[in-house]
Amino acid sequence: YQPAPARAGEAGRKQLTGFVDDVDEDTGRIVVDGQTLVMRPSPEAFYPRKGQKVTFVYEEKDGQKVIDTFRQEH
Numbered sequence: 516y517q518p519a520p521a522r523a524g525e526a527g528r529k530q531l532t533g534f535v536d537d538v539d540e541d542t543g544r545i546v547v548d549g550q551t552l553v554m555r556p557s558p559e560a561f562y563p564r565k566g567q568k569v570t571f572v573y574e575e576k577d578g579q580k581v582i583d584t585f586r587q588e589h
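So, in structure tokens, the structure goes:
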């Protein structure tokens, strides 16, 4: 399963590409190159694995980087 790529030009969206340092599926927190992002709770949530290179598209909400989509890089 690979999430759909983000649509370009969406206001407020930012990208971050890096290697996953840590994943906490219980809290939805993912650390990438020292930056903490948060995954929205969802029964279908698919989490990257530690060490994977990924690109996240996220929005800053209430001081948190909330992930919209992500894709694995090769």
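Be aware that the sequence shown starts at 516, since it is given in our numbering, and climbs by one per residue.
Backbone N, C-alpha and C fix where the C-beta goes; we use that ideal spot for every residue, glycine too.
Every value quoted in this text rests on a predicted model; they were computed, and no experiment measured them.
Residue environment: Phe585 is assigned as buried (16 or more neighbouring CB atoms within 10 Å of its CB, all protein chains considered). The Cβ-Cβ distance between Lys529 and Val553 does not fall below 8 Å.
When only Cα atoms are considered, Asp541 and Gln587 end up about 21 Å apart.
Nearest in C-alpha terms to Gly543, of all of Tyr562, Glu575, Thr532, is Tyr562. Between Val546 and Leu531, the CB-CB gap reaches or exceeds 8 Å.
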